[in-house]
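> I have a structure here, written as structure tokens, and I will follow up with some questions on it.
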Amino acid sequence: MDYKTAGVDIAAGYDLVRRIGGDVARTFRPGVLGGLGGFGGCFELPAGYRQPVLVAGTDGVGT
Numbered sequence: 002m003d004y005k006t007a008g009v010d011i012a013a014g015y016d017l018v019r020r021i022g023g024d025v026a027r028t029f030r031p032g033v034l035g036g037l038g039g040f041g042g043c044f045e046l047p048a049g050y051r052q053p054v055l056v057a058g059t060d061g062v063g064t
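According to our numbering, the sequence shown is numbered sequentially starting from 2.
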């Protein structure tokens, strides 16, 4: 089985990322590491820590 057979529309996913990119970018603040995409976001936590990075996972079931 492949993604298409399972009902996943990769092109639609890329289109969604393109459409929401500007809205997402407006939420960025100092400390955000990286950009939109991938399976998680990284955020730097500088106060009182030595080079910390917070990683928020966004991967879903089945991947």
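We put the beta carbon where it would ideally sit given N, CA and C, even for glycine.
1) Just to confirm before moving on: does the CB-CB distance between T59 and F44 stay below 8 Å?
2) Which of the three DSSP states is assigned to Y57 in this structure?
3) Out of Y4, L55 and D3, state which residue places its alpha-carbon closest to the alpha-carbon of V33.
4) Between which two residues does the beta strand (DSSP E) harbouring G32 extend?
5) In this structure, does DSSP put G8 in helix, strand or coil?
The structure says:
1) The residue given as residue 59 occupies position 58 in the sequence shown. The residue given as residue 44 occupies position 43 in the sequence shown. No, these two residues do not count as a Cβ contact at 8 Å.
2) Within the sequence shown, the letter at position 56 stands for residue 57. The residue you asked about is not Tyr; residue 57 is Ala in the sequence shown. In the structure shown, A57 sits in a strand (DSSP, three-state: E or B).
3) For the purposes of this step, residue 33 is identified with residue 32 of the sequence shown, where counting begins at 1. When Y4, L55 and D3 are compared, the shortest CA-CA separation from V33 is found for L55.
4) What you label residue 32 is simply residue 31 of the sequence shown in a count that begins at 1. No beta strand (DSSP E) holds G32; DSSP gives it neither H nor E.
5) Taking the first residue of the sequence shown as 1, we reach residue 8 at position 7. In the three-state reduction of the DSSP assignment, G8 falls in the coil class.
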